[in-house]
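The structure appears below as C-alpha cells.
Residue numbers (our numbering): 573 to 930.
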C-alpha cells in the first residue's frame, strides 16, 4: 500500500542537496512500514514547509545533469556549488549561486548537500576526513550513479560522521533536468525521506520512495536497462535506414507516428536526422551505467545479454573518441563507415564500475 506524504514535515534536520526545479507540487510515495527508531538530530532548525529558517543548499558536480539541476535549485534556495573545473561557475553566479573553493567549504556553509558526481572514483577523491567531519548534523543526498555497495559505504560514512544520508538516483536526461521533470528514486530512512520531499521539488516531477539504501539504485538499474537498450535499438534502426538509402526524414515521420513513439524517442530521432550529437546524456556516462547494471546482474546470476552488448557498443564509441557525444551517437559505430573488425559477440567485458575516468 502506498500513501502520499505531502503534509507538513514533523522533524528538523539539516540537509545537503544536489537537484533541479519544477513548479508543480511533487509526490513522494512511501510504502507503509514500521516506524524506525528516532533519529538524533539538531532541534534548532526546521526544514518543513513554511520554515522561517532560510535553507542553505549545496550542490557538487556540474556536468550535463548537474548544471541544470543546480540552476533550478538556485531559483528557489540559497545555493552554494562546487565543481572540479571552474568553467561552469559564471552561469551559476548569474543565477545567484555562491561558489565554494573546496568540497569541505561547501559542506561547512550548507545544510543539505546534493551530489551529482561522475562515478565512484570522483566521489572518493572528495571524501576525505575534513569533508566527513563537516557532515555532522547535515544531510547528504546522492543523485550520482554508483554501485549499491558503494552507496551503502557512503551511508555508513555519513552516519558515522553524525549526518543523514539519502540515496536518490534520477531518471531523465538533460532536457527533463532543465525542465525540473526528473524522476527521483529515493532510498533510506523513511522519516528523513519525508522531510526532504519539498527540497527535491525544483528538480523532479515525482519522487518515489523505493525502500532501504540500495533499492533506489536497483530501481534505476532496471529502468536504465530498458532505456539504454531501447536507445541503442533506435540508433541501430537509423543506421540501417541510412545504409539502405532511405529518405531519413520520411523514416523519422514513420517512427514518430508509430506505436513506440514517445516524447523521448521523438527527441532522439530529431537529433539523429539533424546529426546533432550534443550531449543530453553522454556516451561516457551511459557506458558507466551499463557497467553498473552488468555487474549487478552478474552478481545475481541473472541473464542481461542486451545491456552487456550495449555496453560493448558504448565502449567502442568511447574508443573512437565519441565519449562526450550524446548516447544516440552510438549510431556512428553501427553505420556503413564504422569499424567492422570489432565482433561485439566475442568482445570481452569492459572495466569494472567506478574505474572510468572522472
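All C-beta atoms, glycine included, are put in the ideal place defined by N, C-alpha and C. Please read these numbers as outputs of a predicted model, since none were measured by experiment.
Reducing DSSP to helix, strand and coil, say where residue 651 ends up.
strand
Does residue 851 come out as helix, strand or coil in the three-state DSSP assignment?
coil
Simplified DSSP state of residue 792, which is helix, strand or coil
helix
Is the beta carbon of residue 710 sitting closer than 8 Å to the one on residue 679?
yes
Assigned secondary structure, residue 826 (DSSP; H/G/I helix, E/B strand, else coil):
helix
With distances taken Cα to Cα, identify the nearest neighbour of residue 728 among 707, 765 and 626.
707
Residue from 904, 652 and 640 whose Cα sits closest to the Cα of residue 891
904
Runs of alpha helix (DSSP H) wholly within the region 657-743 (minimum 4 residues, chain order)
661-666, 675-680, 692-696, 701-705 and 720-732
Reducing DSSP to helix, strand and coil, say where residue 754 ends up.
strand
Quick check on residue 860: buried or exposed, where buried means 16 or more other Cβ atoms within 10 Å of its Cβ?
buried
Going by DSSP in three states, residue 900 sits in which element: helix, strand or coil?
helix
For residue 761, three-class secondary structure by DSSP
coil
Spatially closest choice to residue 833 from 856, 847, 850 and 803, by CA coordinates
803
Exposed or buried, which one is residue 760 when buried takes at least 16 other CB atoms within 10 Å?
buried
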